[in-house]
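K.L.:
Next up is a structure, given as structure tokens.
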Amino acid sequence: MSVFKTDFLIIGSGLAGLVSALKLSQLGSVTILTKENSSSANSTWAQGGVAAVISSEDSFESHISDTLTAGAGLCSENTVSNYVTQAPERIKDLVNWGIKFDRKKSPNSDNFEVDLTKEGGHSFRRILHFEDSTGLHIHSHVLMKVKETPNIKIMENYFAIDLIMNKQINPHDMSPSRCVGCYALNKKSNLVDSFLAKEIIIASGGAGKVYLYTTNWGGATGDGIAMAFRAGARVANLEFMQFHPTCLYHPESRNFLISEALRGEGGELKTSSGVAFMKKYHPLGSLAPRDIVARSIDAEMKKSGDKCVYLDMTHLDADFLKTRFPAIYKKCLEYQIDLTKQPIPV
């Protein structure tokens with residue numbers, strides 16, 4: 012067993028882990044553990060974009076209200092408020108790191124402005140994006156920044172197994188219980204190594220992959236949650252597992268996400284007979300909050316006996332769709348689905 016020491020240990024190489032590493036690198040040495048390569052993370056699968064109050068027509072109050080409403084009153088209002096009010100500054104951080112978001116020509120001048128789109132539950136256009144591969148775009152740029160930072164070390168193919176507590180190292184330690192590191196399996200050598208640190212951040216993502224059908228990355232298996240629980244951390248809200256309403260329905264592609272941004276640009280959910288159905292479930296129609304859209308789709312499928320519903324964008328400009336959603340357009344074509352001419356089965 013090898014023992015590695017660092018000031019800050021971060022478990023996970025998604026955006027949360029990478030950004031934490033960049034911030035903490037100003038205070039000491041940082042080691043990032045990732046179970047596969049550093050580009051493997053749920054963050055890279057995000058398509059639609061990032062929500063922040065950018066437009067002068069928008070407001071923090073509106074964003075907070077929309078979020079609390081979408082959360083059915085179960086959100087922590089303080090947490091929501093902190094996120095919403097800090098989001099514009101975090102966007103500035105990303106821009107300062109060289110990340111570019113899509114822009115469009117201003118209707119009132121020859122200047123260009125950020126192209127904001129809309130997603131479920133939002134009252135205003137407040138989603139910044141890069142085509143339909145926002146997560147991959149942001150993650151790749153932040154990862155490059157991390158790799159350029161001398162005192163950040165990325166340890167790939169290390170599967171974190173368990174946290175190390177102070178009393179495991181010294182049973183006579185009378186100080187309060189605290190985490191001092193973790194054990195991790197080196198997947199190449201098949202040996203378990205120890206990583207010790209002054210501070211540890213678990214940024215290992217969620218547990219969506221415990222379900223057979225999911226739009227999550229294969230590594231989202233809840234390891235960090237389980238380790239924290241075994242170490243004595245309080246774990247809450249595990250019952251709130253979100254399923255994205257629209258996944259491509261095709262026997263050869265079981266987990267390809269069909270971005271909510273398609274509905275934000277005017278896409279409409281319809282039955283196999285071509286009838287739009289979301290308005291009878293929610294006044295926002297196809298742009299209702301995700302849990303409502305998912306339950307509504309389920310209800311329609313049970314009612315009709317169909318195996319899917321359809322997302323129709325054939326009424327939108329074909330060139331716009333190809334430019335705005337190049338990755339989704341290309342993926343659908345692989346399965347003989349031209350989203351500019353026919354609805355997508357979801």
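Going from the sequence shown to the numbering used here is simple: count from 1 and add 11. All residues carry an ideal CB built from backbone N, CA and C; glycine is no exception.
Assuming THR128 contacts ARG136 under a Cβ cut-off of 8 angstroms, what Cβ separation, rounded to an integer in Å, is found between them?
P.N.:
Contact holds; Cβ gap of about 6 angstroms.
K.L.:
When the Cα of LYS156 is compared with those of ASP349, MET312, LEU295 and LEU33, which residue comes out closest?
P.N.:
The shortest C-alpha separation from LYS156 is found at LEU33.
K.L.:
Can you list, in chain order, the stretches of the alpha helix (DSSP H) that have 4 or more residues and sit fully within the segment 275-317?
P.N.:
Here the runs fully enclosed are 301-315.
K.L.:
Going by Cα to Cα distance, which pick from LEU154, HIS133, ASP113 and LYS158 is closest to LEU139?
P.N.:
Out of LEU154, HIS133, ASP113 and LYS158, ASP113 has the C-alpha closest to the C-alpha of LEU139.
K.L.:
In chain order, what residues of the same chain lie with their CB nearer than 6 angstroms to the CB of ALA338, ignoring the 5 residues before and after it?
P.N.:
Around ALA338: ASP143 and SER144.
K.L.:
Ignore the nearest five residues each way along the sequence and tell me which others in ALA299's own chain have a CB closer than 8 angstroms to its CB.
P.N.:
Contacts found: GLY131, GLY132, MET289, TYR292, HIS293 and SER307.
K.L.:
Mark VAL320 as exposed unless 16 or more other C-beta atoms lie within 10 angstroms of its C-beta, in which case mark it buried.
P.N.:
Looking at its Cβ environment, which holds 16 or more other Cβ atoms inside 10 Å, VAL320 is buried.
K.L.:
Could you compute how far the alpha carbon of ILE102 sits from the alpha carbon of TYR94?
P.N.:
About 12 angstroms.
K.L.:
Shortest alpha-carbon distance to PHE336 belongs to which of GLN97, HIS150 and GLY278?
P.N.:
Out of GLN97, HIS150 and GLY278, GLY278 has the C-alpha closest to the C-alpha of PHE336.
K.L.:
Let me make sure I understand the geometry here. Which of ILE75, ALA242, GLY59 and MET12 has the alpha-carbon closest to that of ALA272?
P.N.:
The shortest C-alpha separation from ALA272 is found at GLY59.
K.L.:
Applying the 10 Å Cβ sphere with the 16-neighbour rule, what's the burial state of SER215?
P.N.:
Buried, by the Cβ-count rule.
K.L.:
Looking only at its chain, what residues have a beta carbon closer than 7 angstroms to the beta carbon of PHE240, apart from the 5 residues adjacent to it on each side?
P.N.:
Result list for PHE240: VAL246, in chain order.
K.L.:
If you compare alpha carbons, which of ALA63, PRO118 and ASN122 is closest to PRO99?
P.N.:
Residue ALA63 is the option with its Cα nearest to PRO99.
K.L.:
Where are the alpha helix (DSSP H) runs, 4 residues long or more, that stay fully inside the segment 220-265, in chain order?
P.N.:
Counting only runs of 4 or more, we get 234-241.
K.L.:
Using the beta-carbon count (16 or more within 10 Å), is LYS314 buried or exposed?
P.N.:
So LYS314 ends up on the exposed side.
K.L.:
Return the CA-CA distance between THR334 and CYS86, expressed in angstroms with no decimal places.
P.N.:
Going by the C-alpha atoms only, they are around 36 angstroms apart.
K.L.:
Do THR282 and LEU322 have their CB atoms nearer than 8 angstroms?
P.N.:
No, these two residues do not count as a Cβ contact at 8 angstroms.
K.L.:
Report the partner residues of PRO356 according to the DSSP bridge assignment.
P.N.:
Partner(s): TYR321.
K.L.:
Identify the continuous alpha helix (DSSP H) that holds LYS342 and give its terminal residues.
P.N.:
Note, LYS342: alpha helix (DSSP H), 337-345.
K.L.:
For LEU268, which of ASN227, THR90 and PHE206 has the nearest alpha-carbon?
P.N.:
Answer by Cα proximity: ASN227.
K.L.:
In whole angstroms, what separates the C-alpha of HIS183 from that of CYS190?
P.N.:
Whole-angstrom Cα-Cα distance: 16 angstroms.
K.L.:
If you reduce the DSSP assignment to three classes, tell me which class THR351 lands in.
P.N.:
Note: THR351 maps to coil in three-state DSSP.
K.L.:
Closest to LYS342 by CA distance: which of ALA310, GLY316, GLU263 and SER50 is it?
P.N.:
Cα-wise, what sits closest to LYS342 is GLU263.
K.L.:
Compute the beta-carbon to beta-carbon distance between GLY230 and GLU47, rounded to the nearest angstrom, for a pair I have assumed lies under 8 angstroms.
P.N.:
With 8 angstroms as the limit, GLY230 and GLU47 qualify as a contact, their Cβ atoms being about 6 angstroms apart.
K.L.:
Look at the Cβ atom of THR55, then the Cβ atom of HIS150, and state whether they are nearer than 8 angstroms.
P.N.:
It is a contact, given that the beta carbons lie within the stated cut-off.
K.L.:
In chain order, what residues of the same chain have a beta carbon less than 6 angstroms from the beta carbon of VAL41, not counting five sequence neighbours either side?
P.N.:
Once the five neighbours on either side are set aside, the close Cβ partners of VAL41 are PHE19, ALA32, LEU35 and ILE163.
K.L.:
Inspect the beta-carbon positions of THR232 and ALA218 and report whether they are closer than 8 angstroms.
P.N.:
Contact flag set, yes.
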